[in-house]
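Novice:
2 protein chains.
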Amino acid sequence: MDLEDLKIGIIGLGYVGLPLAVEFSKKFLTVGFDINSSRIIDLKKNIDATLEVTSLDLKNAIDLSFTNDTKILKECNFYIITVPTPINQANQPDLDPLVSASNLVGEILKPGDIVVYESTVYPGATEEVCIPILEKMSKLICFNMSNLDDLGNGFYVGYSPERVNPGDKSHTVANIIKITSGSTPSAAQFIDRVYREIISAGTHLANSIRIAEAAKVIENTQRDVNIALINEFAMLFDLLDIDTEEVLKAAGTKWNFLPFSPGLVGGHCIGVDPYYLTHKAQLIGYHPEIILAGRRINDGMGSYVVQRLIKEMVCKEIPMVNAKVLIMGLTFKENCPDIRNTKVIDIIDELQKYNIEVDVYDPWVSNDDALKEYNINLIKKLDEDNYDGIILAVSHKQFLEMGVSKIKKLGHKKSIVFDVKCLFPSDTFDIRL
Amino acid sequence: MDLEDLKIGIIGLGYVGLPLAVEFSKKFLTVGFDINSSRIIDLKKNIDATLEVTSLDLKNAIDLSFTNDTKILKECNFYIITVPTPINQANQPDLDPLVSASNLVGEILKPGDIVVYESTVYPGATEEVCIPILEKMSKLICFNMSNLDDLGNGFYVGYSPERVNPGDKSHTVANIIKITSGSTPSAAQFIDRVYREIISAGTHLANSIRIAEAAKVIENTQRDVNIALINEFAMLFDLLDIDTEEVLKAAGTKWNFLPFSPGLVGGHCIGVDPYYLTHKAQLIGYHPEIILAGRRINDGMGSYVVQRLIKEMVCKEIPMVNAKVLIMGLTFKENCPDIRNTKVIDIIDELQKYNIEVDVYDPWVSNDDALKEYNINLIKKLDEDNYDGIILAVSHKQFLEMGVSKIKKLGHKKSIVFDVKCLFPSDTFDIRL
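Chains as they are written, first to last, in our numbering: chain A, -16 to 416; chain B, -16 to 416.
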């Protein structure tokens, strides 16, 4: 295939697919496809609800069209699949979106086409799960290392993991080095060349699809484990009556100390990707010790926060029956409206097990989203002298601006404030991580 | 106390105490004390067997005297204790050297004296273990936050963790930021001021001794856990037939990926310090998940290396009865003679459980040391066509210089080479981490 013949189809227009489509459309004719028709309607009006791409960028993307019609998608010859790869309730990979996207692309695949996956998966998933579906649906073969000389009709597959950091305006698609790979050496080279057209930071061509898959999944696993370690320090130091932030500040003066902070690990990446790796590991009989220890710690932090709060409330002789707690912040990250997989939910659930009345306040979140996703009715207004406990769960700038005394006034005289994110200095409130 | 009245006594002249004594002697009269009389004899001849300080530096240190006589030490008023804090066979802290040094200093302590500990300990050890000994032996009280106004005869204590990286000539005592702390605010300020006289990188005055202790012990724990995670990746990827180094190289192209490598974790710090923290944690009823998971993985790597080698040998139809294996490298770190707590011993022990004949070769290690420490007779000469298996355990530059074909020739035609440290490219030898 020549670059000038390229027509790119991107399947899945979320926070990964849409910015990628915009970039590719600067060089190639690009079709953006999503099964969510209201998303397509929005995008046609130059509106991106994820706030990753501006209306102006969408307006300027003249070679980018949006559709939910596979007939239009069929005109492409270079498909990029950017659908979500979440986990289910049992913390097992939920490959349904990936399977659906593979089915869809498999049906329209033509000889010589290339399909590149960007979704985070475990090593082997592309070859073991996706390619068989593409082959079955298309009735074509996938060219790979063992059928290199096959003269039959076939297609090529690649894997190029997304590294998008939502909300991060300095690390954008074009200026993050991108890993590429392909099912044959020539396909890998070609895929790499296509990405190099839009990635100004350059690419790293991995030796195999599995290496590229493994590289992606260990990146977030490493982050998860490092945060878990700091959470373990925080829980231990709390028992020792040592302020964790002070310890981290002191340790941080060593040249090679890594500056991680304790906290809840939510969102669609760091708390999710490790389970893809551990799923595969357990399938082949390797029982991950440290990765799962990290997951156990991080998944338990919501419950820990509640236990710690209640211990403090009881010790301060605050009656627990009919107690009322305010949670400030619902999102998985500060200063953004994203509530996907937020671990603040664990705090709410745990509090409700004690029959505690919980109010949730988050100036970034729409009540519709909170209701739809978690059946939570956000409070819109903060009343003074109203709570027995306050949990500062997310470090939104609004809470910092609100200041210490305003936050304290929301509680009764004897109430406890838990500053989970160490938003304020160590001696300000009663408890912190 | 005024700075000009200061006379510093340093107890323990190992790789921490000696460079520190040399630095302090540039500003203050300094006495170096060690119970090892042959070490004192050497130092008086300007010879440092640890290679941390040159003869010229020792010769130039005119205000530094060496002794093993406590009467001379008694003339000091600012004591710094830099004795080792190892672990015992059961991976529990061995505080014997610290207790002995505290007994010794306690006996000579005078009102107004200051004692600073630099040895790595768990949070609380200085106050719970060392100070009571000093008080008992000296019959003086230690001034602290709760007896600040006491007018009786007393002394002060501080904690300022060493951060020496043996063999590292760019991160030396004077240019690593140093954490300081003291039992009272004024003692802390004074101790900080004393260290600032010699630490050009500056100091970080922690709010309490416990914070300083905690900061030190988490630094190496973080390193240990990060290496353990990479070791877990390596074992998993080996089962998946994925080259770990390739994966790490690809992941390393992300801006925030942390570049750790798999390997044996030996030496006197990284594999030891976490056990100090976990000991204290378990004492107070907190059972560390991730720290101990890391320790389990890293302590198991020697045995893993052997199992992996033997699997490969058996699959390649190499008879295991009377098999002979060469181990290249015995030290805990490359290009140094340090064999303290080297995990290569675990490889040797595990091989011997199979009745395999083991030769150990290390151009950096004296046979006397290897015999004394581990009852190992090093081979001096490498014979060709002599081994069924070769383990490249340490990445000494001599092995790299030796090159692939020379190393291969040491083995029989069918022998297996395990390149533990990935010293050579991935397709050179049979197995690597």
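Every residue gets a Cβ at the ideal spot worked out from N, C-alpha and C, and that includes glycine. Owing to the predicted nature of the structure, the values given are computational and were not obtained by experimental measurement.
Flag L266(A) as yes if its beta-carbon sits less than 8 angstroms from any beta-carbon of chain B, otherwise no.
Specialist: no
Novice: Tell me the rounded alpha-carbon separation between V297(A) and P106(B).
Specialist: 28 angstroms
Novice: Taking the C-alpha atoms as reference points, what is the distance between G249(B) and D25(B)?
Specialist: If you take the alpha carbons of G249(B) and D25(B), they lie about 27 angstroms apart.
Novice: Which residues of chain B have a Cβ atom closer than 7 angstroms to the Cβ of Q205(A), listed in chain order?
Specialist: Simply L212, F240, L241.
Novice: If the cut-off is 9 angstroms on Cβ atoms, which residues from the stretch 243 to 254 of chain B count as contacting chain A, listed in chain order?
Specialist: F243
Novice: Flag L219(A) as yes if its beta-carbon sits less than 8 angstroms from any beta-carbon of chain B, otherwise no.
Specialist: Yes, L219(A) counts as interfacial toward chain B.
Novice: For the beta strand (DSSP E) containing D40(A), name the first residue and the last one.
Specialist: Taken as a continuous stretch (DSSP letters only), D40(A) belongs to no beta strand (DSSP E), being part of the alpha helix (DSSP H) at 38 to 43.
Novice: Could you tell me the boundaries of the alpha helix (DSSP H) in which V327(A) lies?
Specialist: Unbroken alpha helix (DSSP H) run through V327(A): 327 to 335.
Novice: Count the other CB atoms within 10 Å of the CB of D207(B); is the residue buried (16 or more) or exposed (fewer)?
Specialist: buried
Novice: Answer with yes or no whether the minimum CB distance from A195(A) to chain B is below 8 angstroms.
Specialist: yes
Novice: Using 8 angstroms as the threshold, is the C-beta distance between I374(B) and F412(B) below it?
Specialist: no
Novice: Along the chain, where does the beta strand (DSSP E) that runs through T53(B) open and close?
Specialist: It is not in any beta strand (DSSP E) - T53(B) instead sits in the alpha helix (DSSP H) that spans 53 to 56.
Novice: Looking at K199(A) and the ligand ATP, is the gap between the Cβ and the nearest heavy atom below 7 angstroms?
Specialist: Among the ligands in the structure shown, none appear at all, so the ligand ATP cannot be discussed.
Novice: At what residues does the alpha helix (DSSP H) containing L117(A) begin and finish?
Specialist: 114 to 121
Novice: Leaving out five residues before and five after A157(B) in sequence, what residues of the same chain have Cβ atoms less than 8 angstroms from its Cβ?
Specialist: E6, I181, I182, S183, A184
Novice: DSSP puts I310(B) in a beta bridge; with which residues?
Specialist: V343(B), I374(B)
Novice: Kindly list, in the order they appear in chain A, the residues whose Cβ is closer than 8 angstroms to that of P271(B).
Specialist: E215, L219
Novice: Measuring alpha carbon to alpha carbon, tell me which residue in P346(B), D366(B), F315(B), G(-5)(B) is nearest V82(B).
Specialist: G(-5)(B)
Novice: Could you check the C-alpha separation between S388(A) and A353(A) for me, to the nearest Å?
Specialist: 28 angstroms
Novice: Taking a contact to mean a Cβ-Cβ separation below 8 angstroms, would you say D226(A) touches S409(A) in this structure?
Specialist: Cβ atoms of D226(A) and S409(A): closer than 8 angstroms.
Novice: Here's the rule I'm using: 16 or more other beta-carbon atoms within 10 Å means buried, otherwise exposed. How should I(-9)(A) be labelled?
Specialist: Counting every other CB atom within 10 Å of its CB across the protein chains shown gives I(-9)(A) a total of 16 or more, marking it as buried.
Novice: Along the chain, where does the beta strand (DSSP E) that runs through L188(A) open and close?
Specialist: It spans 186 to 188 - the beta strand (DSSP E) in which L188(A) sits, taken as one unbroken run.
Novice: By Cβ distance below 7 angstroms, which residues in the same chain neighbour K299(A) in space, the five residues on each side in sequence not counted?
Specialist: K397, I399
Novice: When the distance is taken between beta carbons, is F407(A) closer than 8 angstroms to G312(A)?
Specialist: no
Novice: At which residues does the beta strand (DSSP E) containing Y142(A) begin and terminate?
Specialist: It spans 137 to 142 - the beta strand (DSSP E) in which Y142(A) sits, taken as one unbroken run.
Novice: Taking the alpha-carbon positions, what's the I436(B) to R279(A) distance?
Specialist: Since the first and last residues shown for chain B are -16 and 416, residue 436(B) lies out of range.
Novice: Name the chain A residues whose beta carbon is nearer than 7 angstroms to that of T236(B)?
Specialist: I160, I162, H187
Novice: Looking at C-alpha atoms only, which residue of I267(B), D345(B), L1(B) is the closest neighbour of L223(A)?
Specialist: I267(B)
Novice: When you check each C-beta in the stretch 340 to 362 of chain A against every C-beta of chain B, which residues fall closer than 7 angstroms?
Specialist: none
Novice: Strictly below 8 angstroms CB to CB, what residues from chain A border R146(B)?
Specialist: K237, listed in chain order.
Novice: So what does DSSP say about I160(A), is it helix, strand or coil?
Specialist: coil
Novice: If we call anything under 8 angstroms between Cβ atoms a contact, is A276(A) one with I273(B)?
Specialist: yes
Novice: Should N136(B) be flagged as near chain A, meaning a C-beta pair shorter than 8 angstroms?
Specialist: no
Novice: So with Cβ pairs under 8 angstroms, would you call H379(B) a contact of chain A?
Specialist: no
Novice: Which value, in whole angstroms, describes the spacing of the CA atoms of F243(B) and I253(B)?
Specialist: Roughly 13 angstroms separates the two Cα atoms.
Novice: Give the residues from the stretch 104 to 129 of chain A that approach chain B closer than 8 angstroms (Cβ to any Cβ), ordered along the chain.
Specialist: P106, G107
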